[in-house]
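Since the structure comes first, as structure tokens, the remarks are kept for the end.
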Amino acid sequence: MLPRLEKGDYLLASKWSYGYSKYSLPLSLPLIPGRLFASQPERGDVAIFKAPPSNDVDYIKRVIGLPGDQIQMIGGVLHINGVAVPKERVADAEYELSPYNQCNSVFQAQRADGKTVCRYPRFKETLPNGVSYYVLDMGTFAADDTPVFLVPEGHLFMMGDNRDNSEDSRFEAEPGGGVGFVPQENLVGKAQVMMFSTDGSSNWFLPWTWFTAARWDRIGGRI
56 MLPRLEKGDY LLASKWSYGY SKYSLPLSLP LIPGRLFASQ PERGDVAIFK APPSNDVDYI
116 KRVIGLPGDQ IQMIGGVLHI NGVAVPKERV ADAEYELSPY NQCNSVFQAQ RADGKTVCRY
176 PRFKETLPNG VSYYVLDMGT FAADDTPVFL VPEGHLFMMG DNRDNSEDSR FEAEPGGGVG
236 FVPQENLVGK AQVMMFSTDG SSNWFLPWTW FTAARWDRIG GRI
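Written as structure tokens, this is what we have:
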């Protein structure tokens, strides 16, 4: 989910946003039939869900298509119901190298201070409901052009913001891979707030590294 989310982020999610199901409970205990107080997500929400087909692993992706929507990628541009979603080139996304942030040498660059960083091409998308967010586009890949996907009733079309490094609804559901159309009953919650973030350089036996590894500027931000 780069550029908004990074490995090492800890999030607060609201389970009440979409209603409660067995997936709202620890170990997905089957104590809730169906979904109670169900509410449909909005386009642009960042949602946590149990990934098909196994339904036992949490994924986090952005809600792009609602039931009845037609979704297609053409030349790397998202189309919803036959209309291209505006995609505006903006400043590159930049990340300092760390155990949790590594990148191919193609995307490495040196800042003026001499530090090596990762820089990725970044774009701003604006959905039909006015929700805007940033995506990464690393180049031309097979998933930049797809057939039309018609989202079935009771399902969602989910996509990662890191478009060329996301196994999402563009790919058939398989363990460790794509998720296909995601049943709304698989929703766990809506990502809301960044609670903590670490770059992965801490050591449990060196307490001071718990603080030096923290990405303090990310804490408290809305998702």
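Residue 63 in our numbering sits at position 8 of the sequence shown; the count goes up by one each step and never skips.
The beta carbon of each residue, even a glycine, is placed where N, CA and C say it ideally should be.
Query, Result
"Buried/exposed call for Gly255, threshold 16 Cβ in 10 Å", "exposed"
"Cα-Cα separation, Ser79 to Met249", "20 Å"
"Span separating the alpha-carbon of Phe92 from that of Cys158", "42 Å"
"Proximity winner among Arg270, Ile87, Arg117 and Gly89, relative to Val190 (alpha-carbon distances)", "Arg117"
"Separation of Lys179 from Gly149, as counted between CA atoms", "Residue 149 is actually Glu in this sequence, not Gly. Straight-line Cα distance between these residues: approximately 15 Å."
"3 or more residues per run - each beta strand (DSSP E) lying fully within the region 85-133", "101-105, 113-120 and 125-129"
"Selected residue, minimal CA-CA separation from Pro108, among Ile274, Trp265, Glu240 and Gly275", "Glu240"
"Beta-ladder partner(s) of Gln165, from DSSP", "Thr171"
"Trp266 - containing beta strand (DSSP E), residue span", "The amino acid occupying residue 266 in the given sequence is Phe; Trp does not appear at that position. First-last for Phe266: Thr264 to Thr267, but that is the alpha helix (DSSP H), not the beta strand (DSSP E)."
"Spatial distance of Asp199 from Ile126 (CA atoms)", "12 Å"
"Ile103 and Ile87 closer than 8 Å at C-beta", "no"
"Cβ-based neighbour list, Tyr65, same chain, cut-off 6 Å, excluding 5 preceding and 5 following", "Met250 and Phe251"
"With 16 other Cβ atoms within 10 Å as the buried cut-off, status of Asp272", "exposed"
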